[in-house]
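Novice: Here the sequence shown is numbered in this note's numbering, starting from 398 and rising by one per residue. The C-beta atom is built at its ideal place from N, Cα and C for all residues, glycine as well. Dumping the structure here so I can ask a few things about it.
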Amino acid sequence: MKAIAALAVAVLLTGCPPPQSYAPPPPSATAQVTAAVSDIDAISRDYVKLTLELGEQEAGYVDAYYGPPDWALAAKAKPRYMRELGNGIVDLMLRLDGLPSSDDALVEARKRFLSAQLEAALTRHAMMQGEVFPFAKEAKGLFGVTPTFAPLSSYDAALATIASLVPGDGPLHERVEAYQERFTIPTSRLKPVFDAAIAECKRRTAQYISLPADENFRMEFVTDKSWSGYNYYQGNFQSLIQINTDLPIRISRAVDLGCHEGYPGHHVYNMLLEQRLTRELGWQEFSIYPLYSPQSLIAEGSANYGIDLAFPGEERLAFERDVLYPLAGLDPSTAADYFKLQQALSELKGARFVIAQAYLDKTITKDEALALIQKYQLVSRERAEQSLSFNDQYRSYVINYGLGQDIVKAWIERQGDAPVWRWKAMEKLLSEPMLPDDLVE
């Protein structure tokens with residue numbers, strides 16, 4: 398080392414380069430990768446701590462956390478002021494941008510994921526302080542996609558089809574609502590129906606995806622919520638699944654919520670991230686899930702697509718008719734007609750997002766939004782108010798259900814037609830650092 402230092406001084410004094418034999422060797426490829434991983438690990442830890450502090454500023458911002466408990470305690474004890482948190486986000490972005498390119502695909506994947514999450518954090522940080530963005534700009538900043546929607550008039554043909562399925566007098570939404578009330582699950586039968594639905598969702602998922610041996614969930618029925626179901630992931634492969642009973646629950650919702658909140662939806666998504674990225678690879682950035690981030694488009698889109706993946710074609714009809722209808726005390730002979738209506742109603746899903754954008758961008762009033770929800774979602778005033786309450790609380794998050802499902806569906810079905818290939822693609826999506834941009838052709 399002394400000889401090299403002396404030669405360095407000689408270079409400064411004479412301007413002559415040292416003999417080639419004394420040039421220090423470049424770091425090995427292994428050393429470069431190790432250094433890059435060390436740098437990203439440090440950024441990852443600081444990202445988690447900062448996200449926990451943002452969570453102290455907004456209830457619900459952190460959807461799940463199962464990292465070191467002392468980090469969460471520190472965030473509660475000494476959260477930074479909003480200005481400091483904003484500076485902290487920018488500092489992490491600069492540190493991330495300053496990392497050299499790597500030939501290691503995993504290193505680059507982590508960098509891209511962290512960069513997208515920090516962009517979303519910066520957007521949400523501004524919103525926490527009162528800044529209001531146009532719907533499309535907000536969605537791009539938080540979830541990494543710019544939504545475009547067809548006009549409401551494009552759903553008129555679907556309304557005409559539904560009108561032929563539910564003939565009669567009076568407004569169509571009233572006729573559909575009255576028809577659907579015949580398929581309400583009695584309160585006393587909710588638990589056995591949901592237990593059976595979730596168990597079947599799990600059985601079908603476990604045929605293709607290896608689940609942790611000790612995984613489990615706890616289910617609760619709750620009230621006074623703007624959503625119909627929610628998964629609170631607890632870590633250690635455990636979830637709390639809550640089902641909202643503010644409004645009567647129809648038989649069609651059992652499989653929907655069982656797959657979406659459970660298998661292969663949110664429960665499986667969070668478990669695989671914990672098992673394969675946080676535990677096996679030590680990537681701490683996946684020990685925390687900020688709700689307003691590109692992760693949510695992946696999470697909600699895959700959870701919705703998972704319903705059709707688990708119950709393709711008329712397999713869902715057969716299961717509901719033969720298992721769930723008897724448990725709910727409903728007439729199985731009516732299942733086929735109701736299933737046909739549900740398929741027709743699914744053609745209206747995009748109208749929800751058109752109305753949400755107009756309402757949040759204030760181009761229509763609250764009363765106009767409620768009337769449009771009733772017309773194009775074919776629901777009662779009470780259900781329309783719950784839907785609008787969700788928009789008030791979560792704003793552009795609503796796009797993750799429809800646009801997210803469309804993006805996930807297109808990507809997975811490009812991977813192959815056979816069920817095994819689609820399930821393999823689903824498993825990859827749920828267990829790797831995927832972003833919305835990765836799914837767009």
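Can you round the beta-carbon distance between Ala517 and Leu539 to whole angstroms, since I take them to be within the 8 Å contact cut?
Specialist: Reading the sequence shown from its first residue, position 120 is the one you call residue 517. Reading the sequence shown from its first residue, position 142 is the one you call residue 539. Sure, about 5 Å apart at Cβ, within 8 Å.
Novice: Am I right that Leu738 and Leu562 are in contact with their C-beta atoms under 8 Å? What's the rounded C-beta distance?
Specialist: Position 341 of the sequence shown, counting from 1, holds the residue named residue 738. Position 165 of the sequence shown, counting from 1, holds the residue named residue 562. The Cβ separation is near 5 Å, so the contact holds.
Novice: List in chain order: all unbroken alpha helix (DSSP H) runs of 4+ residues lying wholly within the region 488 to 556.
Specialist: DSSP runs (the alpha helix (DSSP H)) wholly in the region 488 to 556: 502 to 525, 532 to 540.
Novice: By the DSSP assignment, the alpha helix (DSSP H) with Phe787 in it spans what residues?
Specialist: As a first step, residue 787 must be located in the sequence shown, where it is residue number 390. Start and end: 778 to 791.
Novice: If you scan the region 682 to 735 from start to end, which runs of the alpha helix (DSSP H) of 4 or more residues do you find wholly inside it?
Specialist: List check, alpha helix (DSSP H) in window: 691 to 707, 712 to 716, 722 to 725.
Novice: Work out the CA separation of Asp592 and Tyr630 for me, nearest whole Å.
Specialist: For this step, residue 630 is matched to residue 233 along the sequence shown. For this step, residue 592 is matched to residue 195 along the sequence shown. Their Cα atoms are separated by approximately 18 Å.
Novice: Please classify Tyr478 as buried or exposed, where buried requires at least 16 other C-beta atoms within 10 Å of its C-beta.
Specialist: For the purposes of this step, residue 478 is taken as residue 81 along the sequence shown, with counting starting at 1. The residue is exposed, with fewer than 16 neighbouring Cβ atoms inside 10 Å.
Novice: Quick check: the Cα distance between Val791 and Met524, rounded to an integer number of angstroms?
Specialist: Start at 1 with the first residue of the sequence shown, and residue 791 comes out as number 394. Start at 1 with the first residue of the sequence shown, and residue 524 comes out as number 127. It should be noted that the sequence gives Tyr, not Val, for residue 791. Approximately 12 Å, taken between the alpha carbons.
Novice: Taking the beta carbon of Ala420 as the centre, do at least 16 other beta carbons fall within 10 Å, making it buried, or is it exposed?
Specialist: Taking the sequence shown and counting its residues from 1, the one referred to as residue 420 is at position 23. Any reading at Ala420 must be qualified, since the residue scores a pLDDT of 48, below 50, and its modelled position is unreliable; the value itself is stated next. Ala420 is exposed by the Cβ-count criterion.
Novice: Taking 8 Å as the cut-off, decide whether the C-beta atoms of Pro544 and Ala536 are in contact.
Specialist: In the sequence shown, residue 544 corresponds to position 147, counting from 1. In the sequence shown, residue 536 corresponds to position 139, counting from 1. It is a contact, given that the beta carbons lie within the stated cut-off.
Novice: Short of 7 Å in beta carbon distance, which residues of its chain neighbour Phe482, apart from the five on each side in sequence? Order them along the chain.
Specialist: Indexing the sequence shown from 1 puts residue 482 at position 85. Just to set this straight, residue 482 is Leu in the shown sequence, not Phe. Hits under 7 Å: Leu447, Glu450, Leu451, His522.
Novice: From what residue to what residue does the alpha helix (DSSP H) around Phe750 run?
Specialist: Along the sequence shown, one-based indexing puts residue 750 at 353. From DSSP, the alpha helix (DSSP H) with Phe750 extends over 746 to 757.
Novice: Cα-Cα, which of Gln783, Ser690, Phe683 is closest to Gly464?
Specialist: The residue you call residue 464 lines up with position 67 of the sequence shown. That would be Phe683, whose Cα lies nearest to the Cα of Gly464.
Novice: Decide if Phe618 is buried, meaning its Cβ has at least 16 other Cβ atoms within 10 Å, or exposed.
Specialist: As a first step, residue 618 must be located in the sequence shown, where it is residue number 221. It counts as exposed.
Novice: Is it right to say Glu528 is buried, meaning 16 or more other beta carbons lie within 10 angstroms of its own, or is it exposed?
Specialist: Walking along the sequence shown from the start, residue 528 turns up at place 131. Looking at its Cβ environment, which holds fewer than 16 other Cβ atoms inside 10 Å, Glu528 is exposed.
Novice: Does the contact criterion of 3 or more C-beta pairs under 8 Å hold for the region 648 to 659 versus the region 809 to 816?
Specialist: They do not touch, by the three-pair rule.
Novice: If Phe532 and Asp758 are in contact, beta carbons under 8 Å, what's the gap, nearest whole angstrom?
Specialist: Stepping through the sequence shown from its first residue, residue 532 is reached at position 135. Stepping through the sequence shown from its first residue, residue 758 is reached at position 361. About 5 Å; that satisfies the 8 Å criterion.
Novice: Is it a yes or a no for the region 595 to 611 touching the region 683 to 701, going by three-plus beta-carbon pairs under 8 Å?
Specialist: They do not touch, by the three-pair rule.
Novice: Run through the DSSP bridge pairs and tell me what Ser636 is partnered with.
Specialist: For the purposes of this step, residue 636 is taken as residue 239 along the sequence shown, with counting starting at 1. Partner(s): Phe614, Tyr630.
Novice: Note down the Cα distance separating Pro765 from Arg509, rounded to an integer number of angstroms.
Specialist: Your numbering for residue 765 matches position 368 in the sequence shown. Your numbering for residue 509 matches position 112 in the sequence shown. Residue 765 is actually Glu in this sequence, not Pro. Using only the alpha carbons, I get a separation of about 41 Å.
Novice: From Tyr526 to Glu453, what does the alpha carbon distance come to, in whole angstroms?
Specialist: Start at 1 with the first residue of the sequence shown, and residue 526 comes out as number 129. Start at 1 with the first residue of the sequence shown, and residue 453 comes out as number 56. Per the sequence presented here, residue 526 reads as Gln, with Tyr not at that position. About 14 Å.
Novice: Can you tell me where the beta strand (DSSP E) with Asp460 in it begins and where it stops?
Specialist: Locating residue 460 in the sequence shown gives position 63, where the first residue counts as 1. Taken as a continuous stretch (DSSP letters only), the beta strand (DSSP E) holding Asp460 covers 459 to 462.
Novice: In terms of alpha-carbon separation, which member of Ser625, Thr584, Gly565, Gln672 lies closest to Asp611?
Specialist: Working through the sequence shown from its first residue, we reach residue 611 at position 214. The shortest C-alpha separation from Asp611 is found at Gln672.
Novice: Measuring alpha carbon to alpha carbon, tell me which of Arg579, Asp436, Met616 ends up nearest Asn641.
Specialist: In the sequence shown, residue 641 corresponds to position 244, counting from 1. Among Arg579, Asp436, Met616, the Cα nearest to that of Asn641 is on Met616.
Novice: Please name the residue, chosen from Leu644, Glu505, Pro833, that lies closest to Thr584 on a Cα-to-Cα basis.
Specialist: Looking up residue 584 in the sequence shown gives position 187. Among Leu644, Glu505, Pro833, the Cα nearest to that of Thr584 belongs to Leu644.
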